[in-house]
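Counting in my numbering, the sequence shown runs from 1 upward without gaps.
Backbone N, C-alpha and C define an ideal beta-carbon position, used for all residues, glycine too.
Following: one structure in structure tokens, then a few remarks.
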Amino acid sequence: MITVDKPIVDLDTILQYIPQRPPIVLISRIYKCDETSVVTGFDITSEHILTQHGKLTESGIIENMAQTAASMAGFEAAVNKSQPRVGFIANIKNLVINFLPEVGHEILTEVKTKTQVMNVSIIEANSYCNNQLVASCEMKIFLQENA
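Rendered as structure tokens:
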């Protein structure tokens, strides 16, 4: 079983688990990670390119969910001493965005793997801010084979 013993807050460590690089990174912390779920936190700042008018954009919320899913795969690959596979969103289903969280707040995102078949993962994602559901969806993610 892989698991995070304490929150990962170091950006260089987080960058080992996700393919994105600044200025597009939308994870500030990894709170929990195991084989089937991950919880991340992101501090919303006015300087981030996916904030507008003092709020995280819809694109930012969706990208945060995707990066959270990527961090789970990347963390598992690191534990297994293998290269993380790059993932591509193949489908987003039942997306509901209840509100756009404001700058100065943290968005917590939980991703759970529902199904994994060969190179396709289906995940369920829920994001929260101040204990309120920001957004939820199901994503189908295609994982590219390593060369």
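Note on residue 56: 16 or more other CB atoms within 10 angstroms of its CB, so buried under the neighbour-count rule. Secondary-structure assignment with DSSP links residue 121 through a beta bridge to 116, 141. Residue state for residue 67 is assigned as helix, using DSSP reduced to three classes. By the C-beta density criterion, residue 94 is exposed, having fewer than 16 other C-beta atoms within 10 angstroms. When rounded, the separation of the alpha-carbon atoms in residue 76 and residue 34 is 8 Å.
Residue state for residue 37 is assigned as strand, using DSSP reduced to three classes. Residue nearest to residue 74 within the set 97, 12, 19 is 19 (criterion: CA-CA distance). Excluding sequence positions up to five before and after residue 96, its CB lies within less than 6 Å of the CB of 136, all in the same chain and listed in chain order. Taking one beta carbon from each stretch, the segment 121-137 and the segment 45-52 have fewer than 3 pairs nearer than 8 Å; the two do not touch. Residue 144 and residue 114 have their C-alpha atoms spaced approximately 19 Å apart. In the displayed model, residue 28 falls within coil according to three-state DSSP, outside both helix and strand.
Per the coordinates, the alpha-carbon of residue 70 lies some 17 Å from the alpha-carbon of residue 7.
Between residue 38 and residue 68, the CB-CB gap stays under 8 Å. For residue 95, the uninterrupted beta strand (DSSP E) run begins and ends at 87-97, by DSSP. Collapsing the DSSP output to three states places residue 79 in a helix.
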